[in-house]
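Notes to accompany the following structure.
Residue numbers (our numbering): 7 to 96.
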């Protein structure tokens, strides 16, 4: 889950397993649970996006538009699927 500030800037993300671990306790998530997130421009070539994700050691990246605003999110699985195709599709 992306973590945003009041101005809708992305700060990081909360991994689903961390969220599921905390759910039964119904407590706010500590800031320490937030993970860093890679940031890539929408025009970034896929191989460069993959490199950015690997360097940041995350499987999730924020995609920024030409104004630096959040345009969407992309997973490493999405990038790999576009680069090499679906398993068994060739």
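The beta carbon of each residue, even a glycine, is placed where N, CA and C say it ideally should be. From a predicted model like this one, the values you see are computed outputs, not experimental measurements.
Under the criterion of beta carbons closer than 8 Å, residue 59 and residue 67 qualify as touching, at roughly 5 Å. When the beta-carbon positions are compared, residue 17 and residue 35 stay at least 8 Å from each other. In the three-state DSSP reduction, residue 81 falls in the strand class (E or B).
Out of 79, 87, 90 and 7, the CA that lies nearest to the CA of residue 41 is found in 7. For residue 70, the enclosing beta strand (DSSP E) stretches over residues 66-70.
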